[in-house]
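S.K.:
In my numbering, the protein residues as written are 577 to 1201.
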């Protein structure tokens, strides 16, 4: 079975940060696994799904609820496969692709995935901006601009830990659910008629088109990448029994979360059917139009709840969308950049086209932009589903946890249906280009279509083609230079950067482990009070005095234990002061912890570890805290 490298972990900042291996039993153990699927579920109730739900309910009443249910069952199976990949192999979907396909193929898959992320974020940004406009009256262009701020919110939540992020997302899902529960109570749907909507019925061409839209928007490509990474935030027992248990509990998590998403989508459709279809307003397919008509039928509270739910849907889904962007970049490229920078790039790619359309063509063309985003997602879907099925079917890497024959048949059937429906939607939406478009647009679209078709055929058949064995080399190992002499360094002066927290003992222990009997230990702490930043070493505030007393205590304790130790206090800028002191005392090595400032401060001043290690020429031992 595949064993992951520690330095290549998916979402490394929160990887295995939730320990499920303790002595927890019963519901407490199950609860420790619950959470990842809720972050995934918001993609199934994002603003991009609202239009199809509104159109289905207003035009055809309750008759398309069974389509929602069927699409939800599809999503549950595919998300279960994604979770299985992450649990068993310890790889997310992007990493598994990188390790399976050649570099040119992976590069195209990466570009398509990034485009899908941008399209997803575009729909979520627009939905959130529309919600802000409906609630406050703020122009759409300002609402779109405001959405950039949630990148800072995401960074903050991630710094707090994955459980805090999950709690935040669950609270937003709760707001959406409660809002539409009240809407349903106000709408008073006919429960007998509603029940008949779960029975499959023949559909007209128009109903079929909307049904295709509902199903086509069900499985979001980024959710498959996201789920395979999020399940790795749980530290599990890597035995067969532990893996089996993790798969079971994540299946429970997926079932609960996606059924909640189904209830939200069904609620949107039911409200549209009860309010608009019953009153003859069968052409309500736009979010703004639905919001405008609600007060006439349900009173003034209904549009407020509608707008609040839309903002919550946009906010929750955009957080998970940008998180998926991080997973895709790191997985395909093995490239780790500043998380905030990554999210700002993703957000700007979504905001810029939205602002251009609003400023040049007006707010009335925003719906066309939403449609375009869904078309782009449709194009990407097959390139996420098909590799996933191959990976979880492979007994060489999945072992006894590879899916069985029945699951394979179901997965391939669902993949075929979704790819067909999405291709059909794509052809319908792009038909106007070939009918009324200019030549260069037709050529460009045709070339892109051929490339995507060739790539789709390749990823379908490449994993199952017979593998040609290369002739074995008679040389067991290539010639290498022999190890002649190892110069073991001896550190006479070891500096330790302390923050006066519970981590200090660990740092000191590692530092002493690197030293000898005659090593001189140089303790460094940077005072960061407001007075210290202003007056430097002349500062005499309470924090400065306490830090000096603590440093003296540390030095005295080490000296009592037979070590040679000396303490140094720095002021103002943490990174610069650590570098300055280490150079002044002529340290041979620096030991420091792998943490620094949090939030916006990291972005402005830079992370301490990275700054220090680039400025110093001596070895720097970084201890993960």
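Cβ coordinates follow ideal geometry from the N, Cα and C atoms, glycine included. What you are looking at is a predicted structure, and each value in this text was computed from that prediction instead of being measured.
(1) Please tell me whether residue 1067 and residue 1164 are closer than 8 Å, where the distance is taken between their beta carbons.
(2) Among 1116, 801, 867 and 766, which one has its Cα closest to the Cα of residue 854?
(3) Check whether the stretch 605 to 612 and the stretch 748 to 766 are in contact - that is, three or more C-beta pairs closer than 8 Å.
(4) Taking 8 Å as the threshold (C-beta atoms), are residue 987 and residue 979 in contact?
(5) Rounded to a whole number of angstroms, what is the C-alpha to C-alpha distance between residue 1044 and residue 653?
(6) Could you pull the start and end residues of the alpha helix (DSSP H) that residue 974 belongs to?
(7) Should residue 1129 go down as buried or exposed, given a rule of 16 or more other Cβ atoms within 10 Å for buried?
(8) Considering just the uninterrupted stretch of the beta strand (DSSP E) at residue 1071, what are its terminal residues?
(9) Give a yes or no on contact between the stretch 653 to 668 and the stretch 865 to 874, applying the rule of three or more CB pairs nearer than 8 Å.
(10) Our contact map puts residue 1071 next to residue 1161 with C-beta atoms below 8 Å; I'd like the distance itself, whole angstroms only.
(11) Should residue 1144 be labelled buried (16 or more other beta-carbon atoms within 10 Å of its own) or exposed?
(12) Quick check on the burial criterion: 16 or more other C-beta atoms within 10 angstroms. Buried or exposed for residue 674?
(13) Could you round the C-beta distance between residue 616 and residue 799 to whole angstroms and report it? I think they count as a contact, below 8 Å.
(14) Let me know if residue 1046 comes out buried or exposed under the rule of 16 or more other beta-carbons within 10 Å of its beta-carbon.
(15) Between 700, 1158, 620 and 626, which lies nearest to residue 927 when the distance is taken from Cα to Cα?
(16) With DSSP run on the structure shown, which of helix, strand or coil describes residue 811?
(17) Buried or exposed: residue 816, going by 16 or more other Cβ atoms within 10 Å of its Cβ?
(18) Give the secondary structure of residue 1053 by DSSP, where H, G and I count as helix, E and B as strand, and everything else as coil.
(19) When DSSP labels each residue in this structure, what does residue 1175 get in the three-state scheme?
(20) Using only CA atoms, which one of 1154, 879 and 893 lies nearest to residue 763?
(21) Can you tell me whether residue 1200 is buried or exposed? The criterion is at least 16 other CB atoms within 10 Å of its CB, across all chains shown.
(22) Let's see if you can read the secondary structure: which residues bound the beta strand (DSSP E) around residue 1168?
(23) DSSP three-state call for residue 775: helix, strand or coil?
(24) Secondary structure at residue 1142, three-state DSSP: helix, strand or coil?
(25) Per DSSP, what kind of secondary structure is residue 1194 in: helix, strand or coil?
(26) What residue from 1074, 735 and 961 has the CA that sits closest to residue 1142's CA?
(27) Sorted by chain position, which residues of the same chain lie with C-beta nearer than 6 Å to residue 1051's C-beta, five sequence neighbours on each side aside?
(28) Keeping to the same chain, check which residues put their C-beta closer than 6 Å to that of residue 688; ignore five residues upstream and five downstream.
(29) Comparing alpha-carbon positions, which option in 1136, 1035 and 1122 lies nearest residue 677?
(30) Output the boundary residues of the beta strand (DSSP E) element that contains residue 979.
(31) Can you check whether the CB of residue 622 is closer than 8 Å to the CB of residue 1210?
(32) Helix, strand or coil for residue 1097, going by three-state DSSP, please let me know.
(33) Nearest-angstrom Cα distance between residue 818 and residue 592?
(34) Let me check one thing: in DSSP terms, what residues is residue 594 bridge-paired to?
(35) For the alpha helix (DSSP H) that residue 709 lies in, which residues bound it at each end?
(36) Going by DSSP, which residues form a beta bridge with residue 785?
M.R.: Taking the structure as given:
(1) On the chain shown, residue 1067 is found 491 positions in, with the first residue counted as 1. On the chain shown, residue 1164 is found 588 positions in, with the first residue counted as 1. Contact: yes.
(2) Sequence index remark: in the chain shown, residue 854 carries index 278 (1-based). Looking at the Cα atoms, 766 is the closest of the given residues.
(3) no
(4) For the purposes of this step, residue 979 is taken as the residue at position 403 of the chain shown. For the purposes of this step, residue 987 is taken as the residue at position 411 of the chain shown. Taking 8 Å as the Cβ cut-off, residue 979 and residue 987 qualify as a contacting pair.
(5) Here residue 1044 refers to the residue found at position 468 of the chain shown. Here residue 653 refers to the residue found at position 77 of the chain shown. For residue 1044, the predicted model reports a pLDDT of 49, less than 50, meaning its position is unreliable; a value from the coordinates is still stated below. In a straight line, the C-alpha of residue 1044 is about 33 Å away from that of residue 653.
(6) Stepping through the chain shown from its first residue, residue 974 is reached at position 398. Note, residue 974: alpha helix (DSSP H), 971 to 974.
(7) The sequence position of residue 1129 within the chain shown is 553, counting from 1. With fewer than 16 Cβ atoms within 10 Å of its Cβ, residue 1129 is classed as exposed.
(8) Locating residue 1071 in the chain shown gives position 495, counting from the first residue. First-last of the beta strand (DSSP E) with residue 1071: 1069 to 1074.
(9) no
(10) If you number the chain shown from 1, residue 1071 lands on position 495. If you number the chain shown from 1, residue 1161 lands on position 585. 7 Å between Cβ atoms; contact.
(11) For the purposes of this step, residue 1144 is identified with residue 568 of the chain shown, where counting begins at 1. By the neighbour-count rule (16 or more Cβ atoms within 10 Å), residue 1144 is buried.
(12) For the purposes of this step, residue 674 is taken as residue 98 along the chain shown, with counting starting at 1. Residue 674 is buried by the Cβ-count criterion.
(13) Your numbering for residue 616 matches position 40 in the chain shown. Your numbering for residue 799 matches position 223 in the chain shown. Sure, about 5 Å apart at Cβ, within 8 Å.
(14) Locating residue 1046 in the chain shown gives position 470, where the first residue counts as 1. A caution first: residue 1046 carries a pLDDT of 46, below 50, which makes its placement in the model too unreliable to give a value.
(15) The residue you call residue 927 lines up with position 351 of the chain shown. Measuring from the Cα of residue 927, the nearest candidate turns out to be 700.
(16) Mapped onto the chain shown, residue 811 falls at position 235. Strand, per DSSP.
(17) Sequence index remark: in the chain shown, residue 816 carries index 240 (1-based). Classification of residue 816: exposed, given that the 10 Å Cβ count is below 16.
(18) Numbered from 1 along the chain shown, position 477 holds the residue referred to as residue 1053. Bear in mind that a pLDDT of 48 at residue 1053, under 50, signals an unreliable position, so the number given afterwards is only what the model happens to contain. In this structure, residue 1053 counts as coil in the three-state DSSP scheme.
(19) Position 599 of the chain shown, counting from 1, holds the residue named residue 1175. Any reading at residue 1175 must be qualified, since the residue scores a pLDDT of 44, below 50, and its modelled position is unreliable; no value is offered.
(20) For the purposes of this step, residue 763 is identified with residue 187 of the chain shown, where counting begins at 1. Nearest C-alpha to residue 763: 879.
(21) Position 624 of the chain shown, counting from 1, holds the residue named residue 1200. Per the 10 Å Cβ criterion, exposed.
(22) For this step, residue 1168 is matched to residue 592 along the chain shown. Element bounds for residue 1168: 1165 to 1169.
(23) For the purposes of this step, residue 775 is identified with residue 199 of the chain shown, where counting begins at 1. Coil at residue 775, not helix or strand.
(24) Numbered from its first residue, the chain shown carries residue 1142 at position 566. Strand, per DSSP.
(25) Taking the chain shown and counting its residues from 1, one reaches residue 1194 at position 618. DSSP places residue 1194 in coil when its eight states are reduced to three.
(26) What you label residue 1142 is simply residue 566 of the chain shown in a count that begins at 1. Residue 1142 has its Cα closest to that of 1074, out of 1074, 735 and 961.
(27) Start at 1 with the first residue of the chain shown, and residue 1051 comes out as number 475. At residue 1051, the pLDDT of 47 sits below 50, so the modelled position is not reliable and the matter cannot be decided from this model.
(28) Translated into the one-based positions of the chain shown, residue 688 becomes position 112. Cβ neighbours of residue 688 beyond the five flanking positions: 956 and 959.
(29) On the chain shown, residue 677 is found 101 positions in, with the first residue counted as 1. When each option's Cα is compared against that of residue 677, the closest is 1035.
(30) Residue mapping note: residue 979 aligns to position 403 of the chain shown, counting from 1. It is not in any beta strand (DSSP E) - residue 979 carries neither H nor E in the DSSP assignment.
(31) Nothing in the structure corresponds to residue 1210, since the chain is present only between 577 and 1201.
(32) Taking the first residue of the chain shown as 1, we reach residue 1097 at position 521. Strand.
(33) Your numbering for residue 818 matches position 242 in the chain shown. Your numbering for residue 592 matches position 16 in the chain shown. Approximately 14 Å, taken between the alpha carbons.
(34) As a position in the chain shown, residue 594 is number 18, starting the count at 1. DSSP, once it has assigned bridges, lists 810 as partnering residue 594.
(35) Stepping through the chain shown from its first residue, residue 709 is reached at position 133. Per DSSP, residue 709 belongs to the alpha helix (DSSP H) from 679 to 712.
(36) As a first step, residue 785 must be located in the chain shown, where it is residue number 209. DSSP output for residue 785 lists no bridge partner at all.
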